[in-house]
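Each remark here refers to the structure printed beneath this line.
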Amino acid sequence: MSPEALSAWLVEERVRVEASLERALTVLLPRLPEALAEPVRHGVTTGGKRLRPILTAAAWAACREAAGQPAPVAVPQGVRDLAAAVELIHAYSLMHDDLPCMDDADLRRGRPTPHTIWGEGPVMRGGGALIPAAGLQLLAAATELGLDPDTKQDLLLVLARAAGGEGMVGGQALDLEGEGRALGREALDDLHRRKTGALLVASLELGAVAAEAPAGVREGLVDYGRALGLAFQIADDVLDATATAEALGKNPSDEALDKSTYVVLLGVDGARREARSEVGRALEAMAEAGLHSSPLEALARYVVERTH
Ligand code: GRG
Numbered sequence: 126m127s128p129e130a131l132s133a134w135l136v137e138e139r140v141r142v143e144a145s146l147e148r149a150l151t152v153l154l155p156r157l158p159e160a161l162a163e164p165v166r167h168g169v170t171t172g173g174k175r176l177r178p179i180l181t182a183a184a185w186a187a188c189r190e191a192a193g194q195p196a197p198v199a200v201p202q203g204v205r206d207l208a209a210a211v212e213l214i215h216a217y218s219l220m221h222d223d224l225p226c227m228d229d230a231d232l233r234r235g236r237p238t239p240h241t242i243w244g245e246g247p248v249m250r251g252g253g254a255l256i257p258a259a260g261l262q263l264l265a266a267a268t269e270l271g272l273d274p275d276t277k278q279d280l281l282l283v284l285a286r287a288a289g290g291e292g293m294v295g296g297q298a299l300d301l302e303g304e305g306r307a308l309g310r311e312a313l314d315d316l317h318r319r320k321t322g323a324l325l326v327a328s329l330e331l332g333a334v335a336a337e338a339p340a341g342v343r344e345g346l347v348d349y350g351r352a353l354g355l356a357f358q359i360a361d362d363v364l365d366a367t368a369t370a371e372a373l374g375k376n377p378s379d380e381a382l383d384k385s386t387y388v389v390l391l392g393v394d395g396a397r398r399e400a401r402s403e404v405g406r407a408l409e410a411m412a413e414a415g416l417h418s419s420p421l422e423a424l425a426r427y428v429v430e431r432t433h
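Here you go:
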């Protein structure tokens, strides 16, 4: 897939993700106290690349193609709704990440962060409401797909483990504890495998589980996701060190927060080389699992070439 075809495909996919998020909000917002509705709507709908739900749908389609379904495989609404559950977790994580007790950021996706508009309390509570909402969204989507109870449980375990202490929340805690300390390569890899990698891997794994893919195919997507997650984070560090806050639409920078980064450890060129070699690993993992997905292959390349 050429870079132009990938861009066009990403635009179409984003529209589908946003439609599913709107569907999810029509269920969620009426159940929330009024003061939380606006911060939640902002956190869920304001921009973003929508990479995680796009990965879920692409993984589902790749698994179905690997199982012999002729391409192009149409992705059902149930899979889109399942993918929205991951994005609800991602949205809450960014709302909380920007709070004064975490990264204390006032700009995200080129817009003022929600706590600068509604204050800390509503954002903390609204973000918190998104965590169980994601679980409910996942279960409703699994029911819509007609999946059996074991598969539903599998889906829930994948998302909850990736979002929790052994995954994203654990990684965030390590990240905050690491501020002002020089972390070595192993500690930095562990931190990012949890903080960013776990949810990216889960996004792919959810697609594989929903497609009822065989273990080898699921493992291939997990390995692809691990390499993709690392490549994504290294590229993020390079961008943070080389692009302006205006171009990135966020602040403060890692340097301002005194965080250990791949750029600090490897330099900009070394970090770029490392990111590319992780992309190579991601592509190998797919080929070994017999997966042929031009969007997933092109996405792996995109995460290291992206400009924001
Ligand atoms: C209770 C300790 C504790 C934590 C709460 C706040 C939190 C949970 C987790 C934070 C996790 C976090 C901020 C991970 C960063 C991942 C990352 C690289 C985000 C940016 O992702 P993109 O580039 O963002 O996909 P867009 O804007 O495109 O959606």
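If you count the sequence shown from 1, you need to add 125 to reach this note's numbering.
Where a beta carbon is used, it is the ideal one built from N, C-alpha and C, also for glycine.
- Using a cutoff of 6 Å, the CB of T241 does not count as near the ligand GRG, since none of the ligand's heavy atoms is closer than that.
- Remark: the shortest separation between the CB of Q297 and any heavy atom of the ligand GRG falls under 6 Å.
- For S402, the enclosing alpha helix (DSSP H) stretches over residues 387 to 413.
- Cβ atoms of S328 and L180 come within 8 Å of each other, at about 4 Å.
- Here the distance from the Cβ of G235 to the nearest heavy atom of the ligand GRG is not below 6 Å.
- Taking the Cβ of L146 as the reference point, every heavy atom of the ligand GRG lies at 6 Å or farther away.
- The count of Cβ pairs closer than 8 Å, one atom from the region 340 to 357 and one from the region 409 to 419, reaches three, so the stretches are in contact.
- For the region 178 to 250, there is no continuous beta strand (DSSP E) assignment of 3+ residues that stays within its boundaries.
- Distance from the CA atom of M220 to the CA atom of A149, rounded to whole angstroms, is 18 Å.
- Looking from the CA of K174, the closest CA among V165, V248, L135 belongs to L135.
- Of D231, G235, V334, R250, the smallest CA-CA separation from I242 is found for D231.
- Remark: three or more beta-carbon pairs, one from each stretch, lie closer than 8 Å, so the region 233 to 248 and the region 158 to 173 are flagged as touching.
- Looking only at E330, A370, T321, D314, the smallest Cα-Cα distance to Y387 is reached by D314.
- As summarised for the region 257 to 304, the continuous alpha helix (DSSP H) elements at least 4 residues long and confined to that stretch are 274 to 288, 293 to 303, given in chain order.
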